[in-house]
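*Asks:* Numbering (the UniProt record's numbering), first residue to last: 1 to 206. All C-beta atoms, glycine included, are put in the ideal place defined by N, C-alpha and C. The structure is given below, and queries will be raised subsequently.
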């Protein structure tokens, strides 16, 4: 849409096209009011859902476009300077493009199952190692399932005393509590392993 607006503005640039500022202003004001109401409705959910965010950015672009049209309409009303219509089109295209890019980037992160923003493997491993009995963690993975929903998995190695003497549920509970305290994860899968299992796993995955 941004490219189409930009191309059309260039095509019309330098061509004297009469613009009826009265109807232009009325339509822009009605559109601005409707978009403002929609924007307020979508405000609360746009951080949690990509679909809602997409709608929010679309409405925001429309609102900014309406404001640009109102300004252009007022200028044309008083000056008959019709080139402002093309300038307003350029402004609208430039306002839409960055928001469209931001949404596309987040959509690609979900489709590619990229790591959540701010996720750091080394920091995550350090926090897991603070759990009593845990001596190492490997195969740490985090990915984004959809907007606001992150998944996490890891293999956690516990020492022999812990492996033989403690309830595994306690260790899992502590690891999950550690992760939920420091990281935004919604689905967590932890595989507990004894020390002797490490060599076996290395042979299997060679």
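For residue 194, does the three-state DSSP call read helix, strand or coil?
*Replies:* Strand at residue 194.
*Asks:* Grab the span of the alpha helix (DSSP H) containing residue 169 for me, first residue to last.
*Replies:* From DSSP, the alpha helix (DSSP H) with residue 169 extends over 168–182.
*Asks:* State whether the stretch 122–130 contacts the stretch 102–110, with contact taken as three or more CB pairs (one from each stretch) at a distance under 8 angstroms.
*Replies:* Contact between the stretch 122–130 and the stretch 102–110 is absent, because fewer than three Cβ pairs lie under 8 angstroms.
*Asks:* Here's a check: name, in chain order, each residue in its chain whose Cβ is nearer than 7 angstroms to the Cβ of residue 32, leaving out the five neighbours to either side.
*Replies:* Hits under 7 angstroms: 63, 66, 67, 70.
*Asks:* Whose CA, out of 103, 26, 155, lies closest to the CA of residue 77?
*Replies:* Cα-wise, what sits closest to residue 77 is 26.
*Asks:* Taking the beta carbon of residue 46 as the centre, do at least 16 other beta carbons fall within 10 Å, making it buried, or is it exposed?
*Replies:* Classification of residue 46: buried, given that the 10 Å Cβ count is 16 or more.
*Asks:* What is the DSSP secondary structure of residue 79, reduced to helix, strand or coil?
*Replies:* Here residue 79 sits in helix by DSSP.
*Asks:* Roughly how many angstroms separate the alpha carbons of residue 141 and residue 119, rounded to a whole number?
*Replies:* So the alpha carbons of these two residues sit roughly 10 angstroms apart.
*Asks:* For residue 36, which residues of its own chain have a beta-carbon under 7 angstroms away from its beta-carbon, when the five flanking residues on both sides are left out?
*Replies:* Cβ neighbours of residue 36 beyond the five flanking positions: 63.
*Asks:* Does the contact criterion of 3 or more C-beta pairs under 8 angstroms hold for the stretch 184–193 versus the stretch 144–160?
*Replies:* They touch, by the three-pair rule.
*Asks:* Can you give me the start and stop residues for the alpha helix (DSSP H) that residue 124 sits inside?
*Replies:* Element bounds for residue 124: 121–128.
*Asks:* Where does residue 139 sit, in a helix, a strand or coil, going by DSSP?
*Replies:* In the structure shown, residue 139 sits in a strand (DSSP, three-state: E or B).
*Asks:* Could you tell me how far apart the beta carbons of residue 6 and residue 93 are, in whole angstroms, since I believe they sit closer than 8 angstroms?
*Replies:* Their Cβ separation, rounded to whole angstroms, is 4 angstroms, which keeps residue 6 and residue 93 in contact under 8 angstroms.
*Asks:* Straight-line CA distance for residue 205 to residue 139?
*Replies:* At residue 205, the pLDDT of 49 sits below 50, so the modelled position is not reliable and the matter cannot be decided from this model.
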